[in-house]
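Trainee: Have a look at this one before I ask anything.
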Amino acid sequence: QLALVRGPGRLTLLGQTLDDAPGEAFDKIARRLRLYVLPQYRAWNGGQAIEHAAQSAVCPDAYDFPLPLAQQRNCNFSFAGIKNNSFRAIRARERLEQTPPDGIISNYSDFCAGLLQAVSRHLMHRTQRALEYCLRPENGLFGDASPTLVVSGGVANNDVIYRNIEHLAGQYNCRSYR
Numbered sequence: 001q002l003a004l005v006r007g008p009g010r011l012t013l014l015g016q017t018l019d020d021a022p023g024e025a026f027d028k029i030a031r032r033l034r035l036y037v038l039p040q041y042r043a044w045n046g047g048q049a050i051e052h053a054a055q056s057a058v059c060p061d062a063y064d065f066p067l068p069l070a071q072q073r074n075c076n077f078s079f080a081g082i083k084n085n086s087f088r089a090i091r092a093r094e095r096l097e098q099t100p101p102d103g104i105i106s107n108y109s110d111f112c113a114g115l116l117q118a119v120s121r122h123l124m125h126r127t128q129r130a131l132e133y134c135l136r137p138e139n140g141l142f143g144d145a146s147p148t149l150v151v152s153g154g155v156a157n158n159d160v161i162y163r164n165i166e167h168l169a170g171q172y173n174c175r176s177y178r
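1 is the number of the first residue of the sequence shown in full-length UniProt numbering; add one for each residue after it.
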């Protein structure tokens, strides 16, 4: 969710997920990708495994995912499209490589990097819309106060996503915390 917090119990909902949460999408995609067959990822949740695997990417731009809800003028999120596009891309690569049922595609790190970029881009796009709304002078939401962006939940633990959100907040002179 994206919410404007004006004080204790004073919240205004700006946007929310319309379907899957990002962590849920990461878990399902990591399971479909079969990252669990690799010993280094067995004990991790999907988001952790994807973030770690992405660090080994040779070609991080090998997979490009469309930006969800790009034409909608709101702050809602949708991760179902990213999840479905991921499943299709994995299935196509498995067919191409003739991956066995218990195998994993050869460029899984590149795939994870592309996925992480897509999720991060979507979160940043929607957060940017919320920041621009909140910072409009005519809304008078902050006065002279410096706004703060707080990122919480499982996604806040993802360093790649948080660094991108932190950078975005800096562009709007906002402090950011997780």
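Each residue gets a CB set at the ideal place from its N, CA and C atoms; glycine is no exception.
Leaving aside the five residues before and after Phe142 along the sequence, list all residues of the same chain whose C-beta is less than 8 Å from its C-beta, in chain order.
Mentor: Around Phe142: Cys134 and Leu135.
Trainee: With 16 as the cutoff for other CB atoms within 10 Å, does Asn158 come out buried or exposed?
Mentor: Buried.
Trainee: Tell me Val5's beta-bridge partners as DSSP assigns them.
Mentor: The partner list for Val5 (beta bridge, DSSP) reads Leu11.
Trainee: What number of angstroms, rounded off, separates the C-alpha of Tyr172 from the C-alpha of Gln72?
Mentor: C-alpha separation (whole angstroms): 22 Å.
Trainee: Hey, residue 179 and Ile161: beta-carbon distance below 9 Å or not?
Mentor: As displayed, the chain neither begins before 1 nor continues past 178, which places residue 179 out of reach and without an answer.
Trainee: Any idea if Cys59 is buried or exposed, counting beta-carbon neighbours within 10 angstroms, 16 or more meaning buried?
Mentor: With fewer than 16 other Cβ atoms within 10 Å, it is exposed.
Trainee: Going by DSSP, what residue range makes up the alpha helix (DSSP H) through Ser86?
Mentor: Run containing Ser86: Ala80 to Glu97, per the alpha helix (DSSP H) assignment.
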